[in-house]
Structure formats: structure tokens, C-alpha cells
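Down below is the structure, laid out as C-alpha cells.
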Amino acid sequence: MSRRVEYTLAPPQRNESDGFDYPDGIPISYNLHRLRHFECEGSYPKYPYGSLVKFYAMVGLHRYNVLEGKNLQLDTLKSFNMRINCGASSYYITLAARVPDSGLKQIFQVLVHEERLGSLDMTCTIARPRVTTNVPFLRPHSESEYDYMDNDELPDWPSEIAFDDTKRFHLVKESELRDNDWIRLYLELTLVAHDRFLTVHYLSQLEIVKVAIEEVEQPNASLNTKTTFVYITYKDLAKAQIGEPVDRKAIVRRIINETTGLRGDYWSGERSVITPEEEYMLLHGGEKVRNNEQRSKKLKRRVGVHRLWRWWYQAYKNRGLRSSSY
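This is the structure in C-alpha cells:
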């Protein structure tokens, strides 16, 4: 099984800080989109995709920490405005951040633009202490200024012998893993981007076994660009209960320059190299004959993204918002 996920973090652009803290939402604008407001505090908060929104907030703080050399952590989600349309959305998130081992807290704003559903493909254009603005601004969703990763593929998984090259790879020690919680954030975000309804209990059963980090120089990259590959071997203990493979792998690429980006894959067993076109031919009388069970699994994989669209549309149509799991 293989899934492509990606996200991009970018620096704030002019006027894009607008859109936060509008409790009545924002009516339809010139680009035919509006924002709907959700409160995350109170006795019975209800809002969609609680896990995903939390991770988006953590991504924003991670971006701020990387660029500013800080160590802020998410304390609570306060509210967010969500772009209402028929597909990928934008999230204007207001949160409280804290300084570890102190009582200091600060209100932050994080702006995330999704590009599509079913995989992690987003830009984070704002991650900073809260500011007040007067005029809401909604970037046309068709705009995509940060596409520097679109034509690059992730590398194949290195051989076990390759990991012995200490000049190429840094093997993360257990103590380092505890001190760098962004590694687990990358892994959990990879999975939640594919399935937005994964629970806290499910994610708690992910056990990181081994992490290797590789710093590389990309051709044609600027002098200020830093590219890092993170290779994660982990166990998905929840899969053991339903008879699926437990041992899994994930690759995440992080690019830091004037923007910061992540892209990742995760899979179990040997990484499949079959293309979508080849898969379609195999399912429709191609070179090999598959039994009904195998064919069913392939078809479910192919329609997975469309199923997510149907779920989102039905949730919006019925206004049946799920309670936050955080």
C-alpha cells in the first residue's frame, strides 16, 4: 500500500492575515467563497476534523519555531474559520501557545490552505502572534504560488547497508527522538491527511522503531535552501488487530528556504512501483488475473479520494458536525 502526501509551509503574504476571529463568519466574496466560524472551547465544542485542525495548528507552531529558534507548544485551540466550498478548504486558526516549563501563554494565528482532499497537500502562509485587521481577504483558491515541489519525486527507500554510511545518514537516538517531537508530528500528519477520522487512540498505537535523517543539496537550489529527508520505520499496532501488516515505513521530505515544505509517502511491506494506469489495466482484463478479493481492494484504493469528497459533501449538506476528539 502506498499513499502520496505532501504539505508546504510558506511565509506570510501581504493582506493574507485577514480572516481570523470573525465569529459571524464572512459572506460570499468576489471569488464565490465564504468562511464559517467554529468555536473550539466551551463545555461541548463541535467542529469538523478535530485531529486535522489540531495538527494544522501544530504545523504552524513548528514553522514558527524553526524560523525563529523558539520552542513554543500548542496549549489549546480557541477557534477557527473554515472556507466553505465543495472541496479543499482554508483554515484560519486561532490558538494559545505556551512556553514549556513556564506559565507563559501567547495567542497565535495560523493560516493553512489545502490544495486537495485525500492526501496532505497544503500551504501554511501565516504562523505568528495574533494581530488585528479590519478587512477580510480570501485568496482565490485556484492561486498556487508555492509549487516548487510538484515536479520532484521522493527517493526509493535506501538499503540497510546504506544506513551504515554515517556521512550520509544520521540515525536518531531514542533520547533525540524524545526531544524532537516534530518527527512524530510528521508521521501522524501523514496518516491523518489520508484519513481525517483517525482517532487519538489509533494514533497512540503508532510505535516509531527507527529514524534516519539525510541532509542533501538539491540541484538548481538556491544557496539558502536546505533539504532534509526523514526515513521513519514504525509499527502500526492497530493493524495487527485486523490482520494487516504491522511493520511500515514512511519517507518525509522537508525543504526550508524562503518557504518550508514537507512531502511524504507511507506503506507496508515492499513499496509498490505499479503506476495508476498499470493498476487500471490489471483490474480490467490486463496481463494478470486477480481474484475478487484482490480486485475489491484495488478498487477501494482507487475510489478512496472520491469517497472522502462524498463524506465531506454529506457532512456539509446535513450540517452534522463531528465533536472534536481533542
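My numbering puts the first residue of the sequence shown at 1441, with every later residue one more than the last.
Built from N, CA and C at the ideal position, the CB exists for glycine as well.
Can you find a heavy atom of the ligand SAH that lies under 7 Å from the Cβ of residue i?
i, result
"Val1552", "The ligand content of the structure shown is nil, which means the ligand SAH is not present either."
Between the alpha carbons of residue i and residue j, how many angstroms are there, rounded?
i, j, result
"Val1552", "Leu1625", "16 Å"
"Leu1594", "Ile1691", "8 Å"
"Trp1622", "Arg1608", "21 Å"
"Glu1456", "Arg1556", "Interpretation of Glu1456 is limited by its pLDDT of 43, a score under 50 that renders its predicted location unreliable; no figure is taken from the coordinates."
"Lys1545", "Arg1693", "31 Å"
"Phe1669", "Glu1655", "7 Å"
"Ser1542", "Lys1510", "14 Å"
"Val1632", "Val1493", "10 Å"
"Arg1523", "Leu1677", "35 Å"
"Leu1535", "Asn1620", "21 Å"
"Tyr1706", "Ile1672", "9 Å"
"Lys1679", "Thr1639", "14 Å"
In three-state DSSP terms, what is residue i?
i, result
"Trp1597", "coil"
"Asp1604", "helix"
"Lys1666", "strand"
"Tyr1484", "coil"
"Ala1536", "strand"
"Phe1520", "strand"
"Thr1474", "In the sequence under discussion, the amino acid at residue 1474 is Arg, which differs from the Thr named in the question. Arg1474 falls in the strand class under three-state DSSP."
"Ser1542", "coil"
For the candidate residues the options, whose alpha-carbon lies nearest to that of residue i?
i, options, result
"Leu1560", "Leu1475, His1634, Leu1638, Glu1616", "His1634"
"Cys1526", "Thr1516, Ile1672, Glu1554, Leu1517", "Glu1554"
"Gly1558", "Ser1519, Thr1667, Ala1528, Val1651", "Ala1528"
"Thr1667", "Leu1507, Ile1601, Asn1620, Ile1696", "Ile1696"
"Ile1566", "Gly1490, Trp1597, Ile1533, Tyr1671", "Ile1533"
"Ile1682", "Ile1653, Tyr1674, Tyr1642", "Tyr1642"
"Glu1481", "Ala1497, Ser1519, Gly1490", "Ser1519"
Using DSSP bridges, identify the partner residues of residue i.
i, result
"Glu1655", "Thr1668"
"Lys1689", "Thr1673, Trp1707"
"His1610", "Ile1653"
Quiz item: Any contact of the stretch 1478-1486 with the stretch 1498-1509, i.e. 3+ C-beta pairs under 8 Å?
Solution: no
Quiz item: Is it a yes or a no for the stretch 1608-1619 touching the stretch 1534-1541, going by three-plus beta-carbon pairs under 8 Å?
Solution: no
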